[in-house]
Amino acid sequence: MEAFFDYLGRYWEFITQRDSDGDLIYNILGAFWVNIQLTLWSGLLALVLGTVVVAMRISPIASLRAVATAYTNIFRDIPLTVVILMMWLVVWTQLGVTFGGKMITDFFVLAVIGLGLYHGSFMAEALRSGVNTVPLGQAEAARAIGLTFMQSARMVVLPQAFRGAVAPIGNTLIALIKNTTVASVGAVSTETSSTMAGMIEFGPQFIFLIFLTFALGYVAIVIPVGTLSTYLSRKLAVKR
Amino acid sequence: MTQTDVPAGAETVVALRDVQKWFGDLHVLKDINLSVERGEVVVVIGPSGSGKSTLCRTINRLEPIDSGTIEVAGEPLPAEGKDLAMLRAEVGMVFQSFNLFAHKTILDNVTLGPIKVRKTDKVTAREEALQLLDRVGIRSQADKLPAELSGGQQQRAAIARALAMHPKLMLFDEPTSALDPEMINEVLDVMTDLAQSGMTMIVVTHEMGFARRVADRVVFMSDGEIMEEATPEEFFTNPVTDRAKDFLAKILQH
Ligand SMILES: Nc1ncnc2c1ncn2[C@@H]1O[C@H](COP(=O)(O)OP(=O)(O)OP(=O)(O)O)[C@@H](O)[C@H]1O
Ligand SMILES: [Mg+2]
Numbered sequence: 006m007e008a009f010f011d012y013l014g015r016y017w018e019f020i021t022q023r024d025s026d027g028d029l030i031y032n033i034l035g036a037f038w039v040n041i042q043l044t045l046w047s048g049l050l051a052l053v054l055g056t057v058v059v060a061m062r063i064s065p066i067a068s069l070r071a072v073a074t075a076y077t078n079i080f081r082d083i084p085l086t087v088v089i090l091m092m093w094l095v096v097w098t099q100l101g102v103t104f105g106g107k108m109i110t111d112f113f114v115l116a117v118i119g120l121g122l123y124h125g126s127f128m129a130e131a132l133r134s135g136v137n138t139v140p141l142g143q144a145e146a147a148r149a150i151g152l153t154f155m156q157s158a159r160m161v162v163l164p165q166a167f168r169g170a171v172a173p174i175g176n177t178l179i180a181l182i183k184n185t186t187v188a189s190v191g192a193v194s195t196e197t198s199s200t201m202a203g204m205i206e207f208g209p210q211f212i213f214l215i216f217l218t219f220a221l222g223y224v225a226i227v228i229p230v231g232t233l234s235t236y237l238s239r240k241l242a243v244k245r
Numbered sequence: 005m006t007q008t009d010v011p012a013g014a015e016t017v018v019a020l021r022d023v024q025k026w027f028g029d030l031h032v033l034k035d036i037n038l039s040v041e042r043g044e045v046v047v048v049i050g051p052s053g054s055g056k057s058t059l060c061r062t063i064n065r066l067e068p069i070d071s072g073t074i075e076v077a078g079e080p081l082p083a084e085g086k087d088l089a090m091l092r093a094e095v096g097m098v099f100q101s102f103n104l105f106a107h108k109t110i111l112d113n114v115t116l117g118p119i120k121v122r123k124t125d126k127v128t129a130r131e132e133a134l135q136l137l138d139r140v141g142i143r144s145q146a147d148k149l150p151a152e153l154s155g156g157q158q159q160r161a162a163i164a165r166a167l168a169m170h171p172k173l174m175l176f177d178e179p180t181s182a183l184d185p186e187m188i189n190e191v192l193d194v195m196t197d198l199a200q201s202g203m204t205m206i207v208v209t210h211e212m213g214f215a216r217r218v219a220d221r222v223v224f225m226s227d228g229e230i231m232e233e234a235t236p237e238e239f240f241t242n243p244v245t246d247r248a249k250d251f252l253a254k255i256l257q258h
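As given, the protein sequences belong to chains B and P, one line each in that order.
To get the numbering used here, take the position in the first sequence, counting from 1, and add 5.
To get the numbering used here, take the position in the second sequence, counting from 1, and add 4.
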């Protein structure tokens, strides 16, 4: 028992080491904060993209439907690692797209865009399942009183689609939270999985505790999101 | 409600000429010619699958046609777009399955069109909506959601929603078919009042009592064709075609 507490004590010393400037060498909370920020920005982007794409998929214009379907299929089928690597190696390195000079900002923004594009396709699918909960007759009734397609989408179909898609949107968000760790392959070195890899390299004797730390960190983030999504999906469900 | 007397032939509200419509290989509307004058109530009857719903839906272009012309108030139906939306606002439609917007209160269902399409200000739209809900007898339900109302109340709300647009014409596609028997009359009563107020109406229904009492003209369809067109008196006492006789024999049995 004593030996175990001793071991925990040494792990605590390991994770609270500071460099000569007094900064934490392994900034675990800071790393989680990076992933949370990646989640928030790319989640927002994915939700906006998903909404636009699902509106295109139900639109009366065939070419818009085709573009939306193509987007959904492409980003749903490419592995996320490939998308993120392409953002870094193709968009940044080859095409030279930058965002304001600092490399760390570029990598962050590119990771957000990659994560957003990828999860946008899942958001679109989640929203489409929501659209399917809205009886077709309501869209017809909307057209019958003279609403245009855009008005009917905005005021009748999509509000109900969102409320009917809370659970799948929540699932996509949870997948996104965990998938933000893939940003490490896009040179976002301050996020959790990069931090974890560094810790394992220099503290292999703590490997189990290191995994446990990060696993529990994600569990602590995901549980409230899951609970909230379950609660909201009940509360917001449209009575039919 | 006041009775408005409209001289016969004063104004044609709907005119269909040589209308043809296919669903793939299925010829659902065959050479349809029909015109409806202002203030007229036309009841469309016929066996299941004869094209009654399709006929209704072509009039506000929820279904496009393959050939022929349809005019509403003297204007041919515009193609998809803003003009079509404006035309649809002039044609009220009531569906078998009510189709109220499930996430909006009854009042908001009724005011949505006036506010967004007609650009009526909110206060006026609300006042008018409440008057209409009063007229169809469900003013006390204004703040409820559709799911909280009975079928009959929902259908009356749907009628109020259509009337709020001040339509030139009302289309009813089997408005009472989804209702429990005890609720059919409350909806038919609202429709009867509406007919007496001078509204131009096309009504697809199996309610023969309503057709006899309210219709100016009965149109009998079978297999996509208009087989007979007559006053209710003529049609019910002296159907000409065998199909109409068959149909009436079946429907009047119960
Ligand atoms: N969207 C569609 N695609 C293909 N076929 C259709 C479509 N809508 C209707 N039909 C077919 O067209 C024919 C006419 O249908 P319609 O709904 O107009 O008949 P109806 O007279 O209203 O019948 P009911 O009394 O059952 O409502 C039917 O054979 C039907 O199966
Ligand atoms: Mg029908």
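We treat Cβ as the ideally placed atom computed from N, Cα and C, and that holds for glycine.
Short CB-CB distance (under 7 angstroms) between residue i and chain P
{"i": "Glu130(B)", "result": "no"}
{"i": "Gly151(B)", "result": "yes"}
{"i": "Val161(B)", "result": "yes"}
{"i": "Pro164(B)", "result": "yes"}
{"i": "Met146(B)", "result": "The question names Met, yet the displayed sequence has Ala at residue 146(B). Cβ-Cβ to chain P under 7 angstroms: yes for Ala146(B)."}
{"i": "Val59(B)", "result": "no"}
{"i": "Gly121(B)", "result": "no"}
{"i": "Leu237(B)", "result": "no"}
{"i": "Gln22(B)", "result": "no"}
{"i": "Gln42(B)", "result": "no"}
{"i": "Arg70(B)", "result": "no"}
{"i": "Arg245(B)", "result": "yes"}
{"i": "Gly135(B)", "result": "no"}
{"i": "Gly142(B)", "result": "yes"}
Local Cβ density within 10 Å of residue i, reported as buried at 16 or more and exposed below that
{"i": "Tyr123(B)", "result": "buried"}
{"i": "Gln157(P)", "result": "buried"}
{"i": "Asp184(P)", "result": "exposed"}
{"i": "Met108(B)", "result": "exposed"}
{"i": "Thr115(P)", "result": "buried"}
{"i": "Glu211(P)", "result": "buried"}
{"i": "Gln3(P)", "result": "Only positions 5 to 258 of chain P appear in the structure, and residue 3(P) is not among them; the question remains open."}
{"i": "Phe213(B)", "result": "exposed"}
{"i": "Phe219(B)", "result": "buried"}
{"i": "Leu233(B)", "result": "exposed"}
{"i": "Lys126(P)", "result": "exposed"}
{"i": "Gln250(P)", "result": "Note on identity: in this sequence residue 250(P) is Asp, with Gln being the wrong assignment. Counting Cβ neighbours within 10 Å, Asp250(P) comes out exposed, since fewer than 16 surround it."}
{"i": "Leu20(P)", "result": "buried"}
Cβ pair residue i, residue j closer than 7 angstroms
{"i": "Met205(P)", "j": "Met174(P)", "result": "yes"}
{"i": "Leu104(P)", "j": "Ala166(P)", "result": "no"}
{"i": "Gly43(P)", "j": "Gly202(P)", "result": "yes"}
{"i": "Val48(P)", "j": "Lys56(P)", "result": "yes"}
{"i": "Ala164(P)", "j": "Leu136(P)", "result": "yes"}
{"i": "Gln159(P)", "j": "Phe102(P)", "result": "yes"}
{"i": "Val18(P)", "j": "Val40(P)", "result": "yes"}
{"i": "Ala89(P)", "j": "Val243(B)", "result": "no"}
{"i": "Val161(B)", "j": "Gln143(B)", "result": "yes"}
{"i": "Glu232(P)", "j": "Thr245(P)", "result": "yes"}
{"i": "Ala51(B)", "j": "Gly169(B)", "result": "no"}
{"i": "Pro118(P)", "j": "Thr109(P)", "result": "no"}
{"i": "Glu178(P)", "j": "Gln100(P)", "result": "yes"}
{"i": "Asn113(P)", "j": "Arg92(P)", "result": "no"}
{"i": "Lys120(P)", "j": "Asp70(P)", "result": "no"}
{"i": "Thr177(B)", "j": "Val39(B)", "result": "no"}
Residue i at chain B interface by Cβ criterion, 7 angstroms
{"i": "Asn103(P)", "result": "yes"}
{"i": "Arg42(P)", "result": "no"}
{"i": "Gly99(P)", "result": "Per the sequence shown, the amino acid found at residue 99(P) is Phe instead of Gly. Chain B contact via Cβ: present."}
{"i": "Arg160(P)", "result": "no"}
{"i": "Ala106(P)", "result": "yes"}
{"i": "Gly117(P)", "result": "yes"}
{"i": "Met169(P)", "result": "yes"}
{"i": "Val121(P)", "result": "yes"}
{"i": "Arg139(P)", "result": "no"}
{"i": "Arg92(P)", "result": "yes"}
* Asked: Which residue spans inside the segment 100-163 of chain B form an unbroken alpha helix (DSSP H) run of at least 4?
  -> 108-136, 141-149 and 154-157
* Three or more beta-carbon pairs under 8 angstroms between the segment 97-117 of chain B and the segment 147-158 of chain B, yes or no? -> no
* Any contact of the segment 187-202 of chain P with the segment 143-153 of chain P, i.e. 3+ C-beta pairs under 8 angstroms? -> no
* Touch test, the segment 88-98 of chain B against the segment 157-166 of chain B, Cβ-Cβ under 8 angstroms, three pairs minimum -> no
* To do: Tell me the start and end of each unbroken alpha helix (DSSP H) in the segment 97-156 of chain P that is at least 4 residues and wholly inside, in chain order.
  => 110-120 and 126-139
* To do: Check whether the segment 163-174 of chain P touches the segment 83-102 of chain P, counting contact only when three or more Cβ pairs, one atom from each stretch, lie closer than 8 angstroms.
  => yes
* Asked: Which full runs of the alpha helix (DSSP H) of 4+ residues lie inside the segment 176-212 of chain B, going along the chain?
  -> 197-207
* Hey, is the segment 53-72 of chain B in contact with the segment 126-141 of chain B, meaning 3+ C-beta pairs nearer than 8 angstroms? -> yes
* Asked: Does the count of Cβ pairs from the segment 183-203 of chain B and the segment 34-47 of chain B closer than 8 angstroms reach three?
  -> yes
* Asked: Any chance the segment 136-144 of chain B sits against the segment 197-211 of chain B, with 3 or more Cβ pairs inside 8 angstroms?
  -> no
* Meets three-Cβ-pair contact criterion under 8 angstroms: the segment 112-128 of chain B and the segment 188-199 of chain B -> yes
* For the segment 195-249 of chain P, list the beta strand (DSSP E) runs that are entirely contained and at least 3 residues long, ordered along the chain. => 205-208, 221-226 and 229-234
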